[in-house]
DNA sequence: CTGAAAGCGCTTACAG
DNA sequence: CTGAAAGCGCTTACAG
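Chains as they are written, first to last, in the numbering used here: chain R, 6 to 339; chain B, 6 to 339.
As structure tokens, then:
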């Protein structure tokens with residue numbers, strides 16, 4: 006446990022002042038080549054690594070971006086996190102994650118720790134933290150949100166073309182001859198869930214089909230809720246030949262429920278998800294779904310934040326969605 | 006963007022010295038109740054949050070634990086990360102993640118940034134960073150590894166009972182009457198992969214069955230490699246009725262390959278994985294697999310590190326494995 | 001119990 | 001181009 010070398014150690018060894026060492030470290034000041042070389046040699050020799058927390062204190066900026074996420078375990082947040090990492094790469098900023106676990110208290114605690122660590126910017130991934138609190142934070146440090154809406158801070162929120170994606174999905178089912186199409190929705194207070202349901206409704210209406218409330222069941226975006234919603238749907242006894250789920254995870258649950266009932270996909274029931282998680286390529290059969298690239302959203306969130314940090318407008322693009330036709334959808338039988 | 010209040014601001018407002026403010030902040034020194042109350046009131050009034058980087062500098066400890074992971078996207082690392090978070094909860098330490106993406110350069114960079122940020126301890130998740138380098142780091146700050154072995158630092162590495170888990174899995178297949186059992190292995194340089202293959206071999210041998218090299222194909226732990234390995238296996242033309250995959254992800258790929266070939270699971274081929282990822286409950290049909298709780302491993306790694314930080318021995322328990330029989334295995338036909 | 005002082009490791013005006 | 005000085009925000013001996 007020997008002490009780490011400091012700037013002073015390097016200065017001594019290179020026969021210069023700490024100021025000069027710092028100058029070669031930051032590189033934004035001219036230094037005599039000979040001294041610079043000596044400093045570099047000393048750094049090499051002592052295997053010196055500047056203490057970033059000390060630098061952060063001196064500079065008043067930490068070069069770290071706080072990422073308030075909800076779960077480290079879900080595929081959804083994992084892809085988002087990866088996208089943010091990508092977007093931050095090479096910027097000099099490092100991302101630090103803290104999870105809220107969809108619990109207000111945990112979320113508050115995670116946010117507090119991030120703020121106390123003096124993050125230079127914040128990316129909020131979903132969650133329930135109040136809009137007012139988020140707006141207040143945005144007055145102190147730049148903030149971008151993904152997977153949630155913040156009233157009055159719309160241009161700091163990544164927008165996804167949910168309705169058009171859903172529309173395409175349901176249109177695809179209609180084109181395959183389906184007329185009785187069920188919808189398992191997400192958390193209704195969630196903007197994404199509403200928009201996806203809207204796309205569903207619009208696709209039906211525009212095709213001259215009636216919207217049957219008995220074919221709509223609410224879920225909460227988890228596999229488990231998809232399975233449960235399917236049970237509810239089946240219990241109602243209304244006939245249907247296809248299901249459009251508001252996300253892939255629920256589609257997985259629905260898929261299992263169908264399997265349990267001996268209903269074949271896509272022979273008996275067609276199934277469409279939303280998200281296109283990495284795993285959807287490997288379900289049996291591979292899932293037809295609407296892709297909204299989480300990687301891209303993460304990347305754009307990071308870039309937007311970087312722009313904000315450079316005092317530019319966030320200029321967040323709207324995320325397009327695209328129907329990916331795989332093997333859970335087929336022409337209706339009979 | 007008003008300045009954040011500092012200890013001095015609080016001191017001024019509460020009519021005490023900064024020292025006293027610090028004393029009530031840390032709480033490890035007696036302070037007159039009246040002054041303490043005044044300080045608390047001032048903190049409340051100004052909504053003061055102590056600057057953790059400054060504190061870290063003063064104390065010489067950051068209270069952050071670096072976690073060198075490989076990917077933020079995989080289910081596997083996600084569960085591990087969650088476990089670490091759980092294990093660290095309430096300890097005052099915060100985890101900071103940096104990913105190596107299974108690339109030496111990225112891994113080195115990720116490690117450098119973690120070290121430069123003065124982490125107080127390090128948890129290494131998989132990866133290729135050389136044992137010697139890791140041993141050197143362990144001389145400076147405590148280190149624990151998960152999903153990898155470090156020569157000479159065995160008691161700092163989480164050990165999983167791979168062989169016994171594999172043994173049980175293959176034994177289960179044998180009990181169902183299978184005699185021609187294929188194995189799709191992981192990366193051979195990986196200790197886990199070797200041990201799992203050993204369990205497979207031992208189960209066969211102990212049942213008096215011969216080990217047929219043509220029934221063993223090497224994969225690299227990805228879904229894609231599972232699919233490819235299955236193709237290789239099928240191309241060899243050797244008969245088999247069951248497959249034991251070295252991890253769940255490869256099992257997913259194999260499952261897809263089987264589906265493509267029109268081979269039913271478990272009717273035609275039985276399939277067993279290893280890991281029991283969250284998603285394995287929702288595959289079609291649900292996957293029979295060997296559980297090694299990643300959550301538990303993460304938790305134990307965190308606790309072990311906390312012990313090391315308290316100058317106690319790591320005392321890492323061995324992680325038990327357990328066969329979880331679901332629906333991809335059945336009695337052999339005929 | 002409490003304040004003044006010194007220090008954590010780095011950086012940037014400030015004078016040469 | 002370069003060194004001495006001051007400061008970032010906090011904490012902990014050091015003297016009362």
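Glycine residues also receive a C-beta, built at the ideal position from the N, C-alpha and C atoms.
Listed in chain order, which residues of the segment 106–122 of chain B have Cβ atoms closer than 8 angstroms to some Cβ of chain R? 117, 118, 120, 121, 122
With distances taken Cα to Cα, identify the nearest neighbour of residue 60/B among 38/B, 48/B, 35/B, 27/B. Taking the second chain and counting its residues from 1, the one referred to as residue 60/B is at position 55. That would be 27/B, whose Cα lies nearest to the Cα of residue 60/B.
Determine which residues share a DSSP beta bridge with residue 103/R and list them. For the purposes of this step, residue 103/R is taken as residue 98 along the first chain, with counting starting at 1. Looking at the DSSP assignment, residue 103/R forms a beta bridge with 73/R.
Between which residues of its own chain and residue 6/R is the CB-CB distance below 7 angstroms, once the five residues before and five after are set aside? For the purposes of this step, residue 6/R is identified with residue 1 of the first chain, where counting begins at 1. Residue placement at residue 6/R is flagged as unreliable, the pLDDT there being 45, under the threshold of 50; the coordinate-derived value follows with that caveat. Hits under 7 angstroms: none found.
Beta-carbon separation (whole angstroms), residue 261/R vs residue 289/B, contact threshold 8 angstroms: Translated into the one-based positions of the first chain, residue 261/R becomes position 256. Translated into the one-based positions of the second chain, residue 289/B becomes position 284. Their Cβ separation, rounded to whole angstroms, is 7 angstroms, which keeps residue 261/R and residue 289/B in contact under 8 angstroms.
Residue 98/B CB to nearest chain R CB: under 8 angstroms? Walking along the second chain from the start, residue 98/B turns up at place 93. Closer than 8 angstroms: no.
Excluding the 5 residues flanking residue 330/B on each side, which residues of the same chain have their C-beta closer than 6 angstroms to its C-beta? Taking the second chain and counting its residues from 1, one reaches residue 330/B at position 325. Closer than 6 angstroms at Cβ, skipping near neighbours: 293.
Checking 8 angstroms against the spacing of the C-beta atoms, do residue 303/B and residue 85/B come in under that value? As a position in the second chain, residue 303/B is number 298, starting the count at 1. As a position in the second chain, residue 85/B is number 80, starting the count at 1. Yes, they are a contact pair.
Less than 8 angstroms between the CB atoms is what I'm expecting for residue 226/R and residue 191/R, so what's the real figure, rounded? Within the first chain, numbered from 1, the residue matching residue 226/R stands at position 221. Within the first chain, numbered from 1, the residue matching residue 191/R stands at position 186. About 5 angstroms separates the two Cβ atoms, so the contact holds.
Between the alpha carbons of residue 198/R and residue 298/R, how many angstroms are there, rounded? The residue given as residue 198/R occupies position 193 in the first chain. The residue given as residue 298/R occupies position 293 in the first chain. Between residue 198/R and residue 298/R, the C-alpha separation is close to 17 angstroms.
The segment 39–58 of chain B: which residues have C-beta closer than 9 angstroms to a C-beta of chain R, in chain order? 54, 55, 56, 57, 58
Taking 8 angstroms as the threshold (beta carbon to beta carbon), is residue 218/B in contact with chain R? Your numbering for residue 218/B matches position 213 in the second chain. No, residue 218/B lies away from the interface with chain R (no Cβ there is under 8 angstroms from its Cβ).
In chain order, what residues of the same chain have a beta carbon less than 8 angstroms from the beta carbon of residue 184/R, not counting five sequence neighbours either side? Your numbering for residue 184/R matches position 179 in the first chain. Taken in chain order, the residues that qualify are 214, 246, 337.
Can you list, in chain order, the residues of its chain with a C-beta nearer than 6 angstroms to that of residue 171/R? Leave out the 5 residues immediately preceding and following it. One-based indexing of the first chain puts residue 171/R at position 166. Here the set comprises 201, 204, 205.
Under 7 angstroms Cβ-Cβ, which residues of chain B neighbour residue 102/R? In the first chain, residue 102/R corresponds to position 97, counting from 1. Residues of chain B passing the Cβ test: 102.
Note down the Cα distance separating residue 131/B from residue 112/B, rounded to an integer number of angstroms. Locating residue 131/B in the second chain gives position 126, where the first residue counts as 1. Locating residue 112/B in the second chain gives position 107, where the first residue counts as 1. Cα-Cα distance, rounded: 10 angstroms.
Cβ-based burial, residue 99/R [other Cβ within 10 Å; buried from 16]: For the purposes of this step, residue 99/R is identified with residue 94 of the first chain, where counting begins at 1. Looking at its Cβ environment, which holds 16 or more other Cβ atoms inside 10 Å, residue 99/R is buried.
Nearest residue (CA-CA) to residue 176/B, options 277/B, 68/B, 18/B: Residue numbering aside, residue 176/B sits at position 171 when the second chain is read from its first letter. It is 277/B whose Cα lies nearest to the Cα of residue 176/B.
So, does the segment 11–30 of chain B touch the segment 316–336 of chain R, judging by three or more C-beta pairs under 8 angstroms? no
Residue 230/R: which of 251/R, 32/R, 220/R sits nearest, CA to CA? Residue mapping note: residue 230/R aligns to position 225 of the first chain, counting from 1. Nearest option by C-alpha distance: 251/R.
Could you check what DSSP says for residue 251/B in three-state terms: helix, strand or coil? Counting from one through the second chain, the residue named residue 251/B turns up at place 246. Residue state, collapsed to three classes: coil.
Using CA coordinates, which residue listed in 38/B, 31/B, 51/B is at the minimum distance from residue 14/B? On the second chain, position 9 is the one that residue 14/B refers to. Answer by Cα proximity: 51/B.
Taking one C-beta from the segment 100–107 of chain B and one from the segment 69–80 of chain B each time, how about it: are there three or more such pairs within less than 8 angstroms? yes
Is the shortest distance between the beta-carbon of residue 13/B and the beta-carbons of chain R less than 8 angstroms? Counting from one through the second chain, the residue named residue 13/B turns up at place 8. Chain R, which has no Cβ nearer than 8 angstroms to the Cβ of residue 13/B, makes this no.
Can you pull the chain B residues whose beta carbon is under 8 angstroms from the beta carbon of residue 349/R, in chain order? The shown model of chain R, from 6 to 339, leaves out residue 349/R, and the question about it has no answer.
Closer than 8 angstroms, CB to CB, is residue 195/B near chain R or not? As a first step, residue 195/B must be located in the second chain, where it is residue number 190. Judged by the 8 angstroms Cβ criterion, residue 195/B is not in contact with chain R.
Terminal residues of the continuous beta strand (DSSP E) containing residue 340/B? Look at the range of chain B in this structure, 6 to 339, and you will see that residue 340/B is not part of it.
Grab the span of the beta strand (DSSP E) containing residue 222/B for me, first residue to last. Looking up residue 222/B in the second chain gives position 217. Unbroken beta strand (DSSP E) run through residue 222/B: 221–223.
Under 8 angstroms between the Cβ atoms of residue 263/R and residue 235/R? Walking along the first chain from the start, residue 263/R turns up at place 258. Walking along the first chain from the start, residue 235/R turns up at place 230. It is a contact, given that the beta carbons lie within the stated cut-off.
Tell me whether residue 341/R sits in a helix, a strand or coil according to DSSP, three-state version. Past the boundaries of the shown model lies residue 341/R; chain R is included only from 6 to 339, so the question cannot be answered.
Closest residue to residue 47/R among 256/R, 163/R, 29/R (Cα-Cα distance): Residue 47/R sits at position 42 when you count from the first residue of the first chain. When each option's Cα is compared against that of residue 47/R, the closest is 29/R.
When you compare only the Cα positions, how much space is there between residue 10/R and residue 83/B? For the purposes of this step, residue 10/R is taken as the residue at position 5 of the first chain. For the purposes of this step, residue 83/B is taken as the residue at position 78 of the second chain. The straight-line gap from Cα to Cα measures roughly 35 angstroms.
Residue 6/B CB to nearest chain R CB: under 8 angstroms? In the second chain, residue 6/B corresponds to position 1, counting from 1. Note that residue 6/B has pLDDT 45, beneath the 50 cutoff, so the model's placement of it is unreliable and the number below is only indicative. Judged by the 8 angstroms Cβ criterion, residue 6/B is in contact with chain R.
Could you check where the beta strand (DSSP E) with residue 277/B kicks off and where it finishes? In the second chain, counting from the first residue as 1, residue 277/B sits at position 272. 275–280 is the span of the beta strand (DSSP E), which, as asked, contains residue 277/B.
Answer with buried or exposed for residue 147/B, where buried requires no fewer than 16 other C-beta atoms within 10 angstroms of its C-beta. Within the second chain, residue 147/B is the residue found at index 142, counting from 1. That one is buried.
With distances taken between CB atoms, is the gap from residue 248/B to residue 187/B smaller than 8 angstroms? Walking along the second chain from the start, residue 248/B turns up at place 243. Walking along the second chain from the start, residue 187/B turns up at place 182. Yes, Cβ-Cβ distance for residue 248/B and residue 187/B is below 8 angstroms.
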